[in-house]
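Scroll down for the structure; my scribbles are underneath it.
In my numbering, the protein residues as written are 221 to 629.
Here it is as structure tokens:
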């Protein structure tokens, strides 16, 4: 069981003015037992991070923790050097370019590492999240929504996961996109998205509150998700299972006073269950960017967050989205470190066929999709996909429809 060293509540504070102040902030936040709420309470009581660090061992002793040692100067100095080497900078709560909407949430990060175009934080932001195992139609919808919202003046925010997140980022590199990472800002994850990570670093913005070099772990993602929703005016969910990280992000958004919007899906598609539940419970139904803009306001308009969801879970106006009771996370990270798998033997023909079948079925849902669109999405030759579709049809796993359409049975 984790021992709590200090009680907590948010208190206004004076932002750091020098690099030495920022290092003290980082050292305090990296110290054992100092979470977000404790950080702000101690800062409010003692005035500066340096003063808190001086009294921290005594405070810990009074709380029953002996031999308490704060994060070391060397550890923090190494993280600051790693940040500079990665081309990132430390952004602290209360500084002029710290995002205003994020600063208003009850558990705003005291420090953030940012890399790229930090001026994007001053623009109207909209978050889009969804399933890792997205369907072709889901990815197309995410790309179209993101692209149209970007053209309307919004900057997109997502989590750089595979599937919907990657589709959103890729579609809005030109108009502006922000990726919130679950690990250190210098750790691309997942490995398949490393080229996209590099492009966002050059053309958009990367953000993380985690230490440099830290590989993503499952426990980090709920904290990452509250930054995704906290930055934005509203959250749009595109494909989400009934028990997924996307629904947890939706609950965060409601708790933070943000609007929640969702794209409906076919009732027989498990990837649409979460979105359909959100709409049933009051989320705004989104068919196009126009629906989202109608709900969130034009990018040029000012924005005031709604009242946060009451602690007892009572609905705020029409919105009463239920959080999943036992969260599971879309990201599916390894628990220790990110490793690139060593090159293995070339797949046997049977393995290749199974991989093709899996890829085809993962792209299909109950809603019919044009076969030529499926081939383009798979990036496989038609001479490979056509025989595979024939075999799946004979097995009763897919259904062909008029007009060259195909769906999953």
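The C-beta atom is built at its ideal place from N, Cα and C for all residues, glycine as well.
query: Kindly indicate which residue of 311, 340 and 440 has the alpha-carbon position closest to the one of residue 236.; result: 311
query: Please give me, in chain order, every unbroken run of the beta strand (DSSP E) with length at least 3 that falls completely inside the region 470-503.; result: 479-483
query: For a quick check, are the C-beta atoms of residue 329 and residue 256 less than 8 Å apart?; result: yes
query: Tell me, which residues are paired with residue 457 by DSSP?; result: 349 and 482
query: Whole angstroms are fine: how far does the CA of residue 357 sit from the CA of residue 297?; result: 47 Å
query: To the nearest angstrom, how far is it from the Cα of residue 309 to the Cα of residue 420?; result: 16 Å
query: Output the distance between the C-alpha atoms of residue 317 and residue 278, rounded to the nearest integer angstrom.; result: 34 Å
query: Could you tell me which of 605, 495 and 458 sits nearest to residue 579, measuring between CA atoms?; result: 605
query: Helix, strand or coil: which one does DSSP assign to residue 621?; result: strand
query: Can you look up residue 515 in the DSSP assignment and give me helix, strand or coil?; result: helix
query: Taking the straight line between their C-alpha atoms, what separation do you get for residue 484 and residue 504?; result: 10 Å
query: Thinking C-alpha only, which one of 624, 574 and 381 is nearest residue 350?; result: 381
query: Taking buried to mean at least 16 other C-beta atoms within 10 Å of its own C-beta, is residue 260 buried or exposed?; result: buried
query: If you run the structure through DSSP and keep just helix, strand and coil, what is residue 400?; result: strand
query: Return the CA-CA distance between residue 576 and residue 611, expressed in angstroms with no decimal places.; result: 12 Å
query: What's the C-alpha gap between residue 464 and residue 497?; result: 12 Å
query: Which whole runs of the beta strand (DSSP E) in the region 296-329 are 3 residues long or more, in chain order?; result: 309-312
query: Tell me the rounded alpha-carbon separation between residue 365 and residue 608.; result: 31 Å
query: Tell whether a beta-carbon distance below 8 Å holds between residue 367 and residue 391.; result: yes
query: Residue 293: buried (16+ other C-beta within 10 angstroms of its C-beta) or exposed?; result: exposed
query: Which class does residue 233 belong to by DSSP, given the choice of helix, strand or coil?; result: coil
query: Can you give me the Cβ contacts of residue 242 inside the same chain, cut-off strictly under 7 Å, excluding the 5 residues immediately before and after it?; result: 236, 310 and 312
query: Identify the continuous beta strand (DSSP E) that holds residue 427 and give its terminal residues.; result: 425-428
query: Could you say if the region 433-442 and the region 402-409 meet the contact criterion of at least three C-beta pairs nearer than 8 Å?; result: yes
query: Give the straight-line distance between the Cα atoms of residue 520 and residue 442, rounded to the nearest whole angstrom.; result: 31 Å
query: I'd like to know whether the C-beta atoms of residue 379 and residue 396 end up nearer to each other than 8 Å.; result: no
query: Taking 8 Å as the threshold (C-beta atoms), are residue 461 and residue 490 in contact?; result: yes
query: How far does the beta strand (DSSP E) with residue 335 in it extend, from its first residue to its last?; result: 331-336
query: How far does the alpha helix (DSSP H) with residue 388 in it extend, from its first residue to its last?; result: 384-391
query: Taking only the alpha-carbon atoms, compute the straight-line gap between residue 251 and residue 507 and give it to the nearest angstrom.; result: 46 Å
query: So, under 8 Å CB-CB, residue 628 and residue 584 are touching, yes? Tell me the CB distance rounded to an integer number of Å.; result: 4 Å
query: Step through the CB atoms of chain D and report whether any lies within less than 8 Å of the CB of residue 393.; result: Among the chains of the structure shown, chain D does not appear; only one protein chain is present.
query: Flag this pair as yes or no: are the beta carbons of residue 618 and residue 450 separated by less than 8 Å?; result: no
query: Is residue 277 helix, strand or coil by DSSP?; result: helix
query: Given a cut-off of 8 Å, decide if residue 625 and residue 598 are closer than it, judged by their beta-carbon atoms.; result: no
query: Assuming residue 346 contacts residue 456 under a Cβ cut-off of 8 Å, what Cβ separation, rounded to an integer in Å, is found between them?; result: 7 Å
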